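To keep things clear, I will list the structure first and then write my remarks on it.
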Amino acid sequence: MVDGRPSTDYRNLMNKLREKTLKNSSTFRKVEKQSVTNDVEGQLREAILDGRLKPDESLAEAQLATQFGVSRASVRQAKFQLAQEGLLEFDSRGTAIVRTLTQADVQEIVEFREVLDSAAIRLACTRLTEHSASKLTRCIEQIEAAPNLLQLTLLDIAFHEEIVRAAENSRLLAAWQLLRPQLVFWLASMQRMHASMISQTHSETAESHRELLNALHAGDADRCEQLARRHANGLKKLFDNIDTPQGIGQFRNT
């Protein structure tokens, strides 16, 4: 949905990450009675993205219901929503497990993102407002100051979503929001796996986004598209050149 829950969910996650440093704990807090399913869903999503819930880890419905202090039905609904986002999948017995992306999944994500980003930025070239430009500038400033890798990932995604919004095409935005959860999942997991290397890239990430914004200000659609395609493929090429030890990677071959 263009203005549906997923967008709000990820903005809420970014707000929470600004207020705290994520703790390496598998426990969850009890939820308030209002919006029970949304709260369970949000906590599970955060635990998947920050790595507390590992790839291929199963989610025991009864145990989670006890930890959250909610009904099993609320946990079940939350799991179904996260499965729709591509963060969970169900095995042959109906047990929810944290998804492990295949190389084919990654290829499709990168290809889809490249198509969406390049189309959006060409449209945004002629439709960029001062308000949108200001929000993009603010995103870059926050990227430079990101306190952790998940926050950096979410801000990176927020920057590109703002470009899609600046394109003023509701169907393009809906397609982007369909892709976003899996894009965040991939980037967060890869950045977490190679934290020692990527923790040094805040300034480079900010600079590449500033280059995109300058091209938008100049109204150079061809340059904008070139930069968008380069950016979409850049991280994948970087990670393709990294040796990932067997058994600890986020990906499996098809």
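Residue numbers are given in full-length UniProt numbering: position 226 of the sequence shown equals residue 226, and the series is strictly consecutive. Backbone N, C-alpha and C define an ideal beta-carbon position, used for all residues, glycine too. Quick caveat: nothing in here was measured; it's all calculated off a predicted structure.
Which residue from the options puts its Cα closest to that of residue i?
i           : options                        : result
His160      : Arg45, Ala124, Asp56, His217   : Ala124
Gly219      : Leu128, Val40, Ser92, Ser134   : Leu128
Gly94       : Leu101, Phe80, Thr102, Thr100  : Phe80
Phe112      : Met190, Val36, Leu172, Asp39   : Leu172
Met190      : Pro55, Val36, Gln43            : Pro55
residue 315 : Arg29, Asn38, Leu49            : Past the boundaries of the shown model lies residue 315; the chain is included only from 1 to 254, so the question cannot be answered.
Ala158      : Gln177, Ser170, Leu227, Asn148 : Gln177
Ala221      : Ala167, Ala174, Pro147, Ser92  : Ala167
Asn148      : Ser170, Gln107, Gly51, Ala174  : Gly51
Under 8 Å between the Cβ atoms of residue i and residue j?
i      : j      : result
Ala83  : Ser58  : no
Ser118 : Glu46  : no
Val70  : Glu61  : no
Thr153 : Leu187 : yes
Glu114 : Leu136 : no
Ala120 : His217 : no
Arg72  : Ala78  : no
Arg223 : Ala232 : no
Ala228 : Leu213 : no
Which residue or residues does DSSP assign as beta-bridge partners of residue i?
i     : result
Ser58 : Ile97
Phe90 : Ala96
What does the Cβ neighbour count give for residue i, buried or exposed, with the cut at 16 atoms within 10 Å?
i      : result
Asp156 : buried
Pro68  : The question names Pro, but residue 68 is Phe in the sequence shown. Its Cβ being crowded by 16 or more others within 10 Å, Phe68 is buried.
Thr21  : In this prediction, Thr21 scores a pLDDT of 49, lower than 50, which makes its location untrustworthy; no coordinate-derived value is stated.
Ala104 : exposed
Phe185 : buried
Leu13  : buried
His99  : In the sequence as presented, His is not what sits at residue 99; that position holds Arg. So Arg99 counts as buried.
Glu130 : exposed
Gly42  : buried
Gln63  : exposed
Thr126 : exposed
Gly234 : exposed
Thr37  : buried
Arg29  : exposed
Asp39  : buried
Next on the checklist: Pairs of beta-carbons, one from the stretch 141 to 148 and one from the stretch 202 to 215, closer than 8 Å: are there three or more?
Outcome noted: By the C-beta criterion, the stretch 141 to 148 is judged to be in contact with the stretch 202 to 215, since at least 3 inter-stretch pairs fall below 8 Å.
Next on the checklist: Within 8 Å, do at least three Cβ pairs link the stretch 166 to 185 to the stretch 84 to 91?
Outcome noted: yes
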